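Structure first, commentary second.
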Amino acid sequence: MVKNKGDRAFDLLVTISLILVGVLSVFPLLFVVAVSLTPIEEVLKNGGFVLIPEAINFDAYTHLLSQPKIPKSFMVTIFITVVGTIINLILTTLMAYPLSRKNLPGRNIFIFLVVFTLLFNGGIVPTYLIVKATGLLNSVWAMIIPNAIWSFNVLIMKSFFENLPEDIFEAARIDGAGEFRILGQIVLALSKPVMITIGLFYVVGHWNEFFQAVMYITDPALNPLQVVVRDILVQNQDQIENVDAVIPTATIQMAAVIIASLPIIVIYPFVQKHLTKGMLLGSIKG
846 MVKNKGDRAF DLLVTISLIL VGVLSVFPLL FVVAVSLTPI EEVLKNGGFV
896 LIPEAINFDA YTHLLSQPKI PKSFMVTIFI TVVGTIINLI LTTLMAYPLS
946 RKNLPGRNIF IFLVVFTLLF NGGIVPTYLI VKATGLLNSV WAMIIPNAIW
996 SFNVLIMKSF FENLPEDIFE AARIDGAGEF RILGQIVLAL SKPVMITIGL
1046 FYVVGHWNEF FQAVMYITDP ALNPLQVVVR DILVQNQDQI ENVDAVIPTA
1096 TIQMAAVIIA SLPIIVIYPF VQKHLTKGML LGSIKG
């Protein structure tokens, strides 16, 4: 098909727009990486603006990783991310699958309750009192249990399950399979895209855990990575153990941002295609 001038002009406009959006998206990350690796002399020489450093210096990363609180916070974050995501996926699946079955008694009521929580919640104070009453304060479980199920993710997974061919379920029931066997051997086997999608949502949420840690954790040893990074970012020059003569505050701050973000940045390209596929299949009702 031969494109006319209008189509070519539109394609050019779209291409330019995508390039601009890409540049604007990559620019902040490139700036943070550059400053974290650039010696202070070069940063000052360029007025604090560096994109491609002439020399590379890893002193800021060495300093951060040598501090006991960084490795400890990494372990806390890894724990709540791995364990929390497993719990999230199990509970979300066990809730979404029944809601996807149209013969479930009271199905519309349960769906309404799920949607209701998207619009309204119990509030910060009542939630805090519940967490306190259940003995979760100053525990890693306080950063996992209160958000064990996200309503939005339940609706996405429910829509995905509804789009699976009904003939598969009928054939399995004829063969004598129960609902748990159908879920474990058939539904989950066909649900890799949506599982990866929902899992990535949960992983990013747990990795960036901050609010619940501030609310429910007072023991510094239980602080996740994002809280420790926040503390580093707000420290003044005279509060970083007098190392600014060698390692500037800005460099340490940028290095802390990279350390906190790098795992998610590395993982995302490998699951991007599954994420897109899962979102599309979970949002289209067949």
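Using my numbering, the first residue of the sequence shown is number 846, and each one after it goes up by one. Note that beta-carbon positions come from the ideal geometry of N, C-alpha and C, so glycine has one too. Just so we're clear, the structure is a prediction, and the values are computed from it rather than from any experiment.
- Query: Touching or not, the region 921 to 931 and the region 1055 to 1070, by the rule of three or more beta carbon pairs under 8 Å?
  - Reply: Contact holds: three or more Cβ-Cβ distances are below 8 Å.
- Item | alpha helix (DSSP H) runs contained entirely in the region 932 to 973, provided each spans 4 or more residues | Counting whole runs of 4 or more residues, the region 932 to 973 contains the alpha helix (DSSP H) stretches 952 to 964.
- 6 Å CB neighbourhood of Ala839 in its chain, flanking five on each side removed: The requested residue 839 does not occur in the structure, where the chain is confined to residues 846 to 1131.
- List the whole-angstrom C-beta distance separating Ala1105 from Val1074, where the pair is believed to meet the contact cut-off of C-beta under 8 Å. 5 Å
- Query: Under three-state DSSP, which class holds Phe1006?
  - Reply: helix
- With distances taken Cα to Cα, identify the nearest neighbour of Leu963 among Phe997, Glu899 and Ser870. Phe997
- So the alpha helix (DSSP H) Val985 belongs to, where does it begin and stop? According to the DSSP assignment, Val985 belongs to no alpha helix (DSSP H), since it is labelled neither H nor E.
- Query: In or out: Tyr1047 buried (at least 16 other Cβ within 10 Å) or exposed?
  - Reply: buried
- Query: Between Ser911, Leu1009, Glu1054 and Arg853, which lies nearest to Leu1035 when the distance is taken from Cα to Cα?
  - Reply: Leu1009
- Query: Is it right to say Glu1054 is buried, meaning 16 or more other beta carbons lie within 10 angstroms of its own, or is it exposed?
  - Reply: buried
- Could you say which of Ile915, Ser945, Thr1096 and Gly851 lies nearest to Pro1065 if we only look at CA atoms? Measuring from the Cα of Pro1065, the nearest candidate turns out to be Ile915.
- Collapsed DSSP secondary structure at Phe837 in the structure displayed: Only positions 846 to 1131 of the chain appear in the structure, and residue 837 is not among them; the question remains open.
- Message: Let's test the definition: count the other Cβ atoms within 10 Å of the Cβ of Phe1005 and tell me whether it reaches 16, buried, or not, exposed.
- Response: Buried: at least 16 other Cβ atoms inside 10 Å.
- Item | Residue range of the unbroken alpha helix (DSSP H) whose run includes Gln1057 | Phe1056 to Tyr1061
- Tell whether a beta-carbon distance below 9 Å holds between Glu1024 and Ser945. Contact flag unset, no.
- Query: Within 10 angstroms of its Cβ, does Tyr942 collect 16 or more other Cβ (buried), or is it exposed?
  - Reply: buried
- Message: On a Cα-Cα basis, can you pick out the residue from Trp1052, Thr1063 and Phe855 that is closest to Leu1070?
- Response: Trp1052
- Message: So for Phe903, helix, strand or coil by DSSP?
- Response: Coil.
- Task: Would you mind working out which of Ile1041, Ile1013 and Ile1062 sits nearest Gln1030, comparing C-alpha positions?
- Result: Comparing Cα positions, the closest option is Ile1013.
- Message: Using only the alpha-carbon positions, how far apart do Leu858 and Val871 sit?
- Response: About 20 Å.
- Task: Use the C-beta contact count for Met920: other C-beta atoms within 10 angstroms, 16 or more gives buried, fewer gives exposed.
- Result: exposed
- Task: From the DSSP output, in three-state form, read off Leu1067 for me.
- Result: helix
- Residue interval of the alpha helix (DSSP H) (run including Val1049): Start and end: Lys1037 to Trp1052.
- Buried or exposed (CB count within 10 angstroms, at least 16 for buried), Pro971: Of the residues assessed, Pro971 falls on the exposed side of the cut-off, its CB having fewer than 16 other CB atoms within 10 angstroms.
- If you draw a straight line from the C-alpha of Ile864 to the C-alpha of Tyr1113, how long is it? 20 Å
- Measuring CB to CB, does Leu981 end up less than 9 Å from Ile990? yes
- Item | 8 Å contact criterion, which Val999 and Thr1042 should meet: CB distance rounded | 13 Å between Cβ atoms; not a contact.
- With 16 other Cβ atoms within 10 Å as the buried cut-off, status of Ile1110: exposed
- Message: Excluding the 5 residues flanking Asn983 on each side, which residues of the same chain have their C-beta closer than 8 Å to its C-beta?
- Response: Tyr1061, Ile1062, Thr1063, Asp1064 and Leu1067
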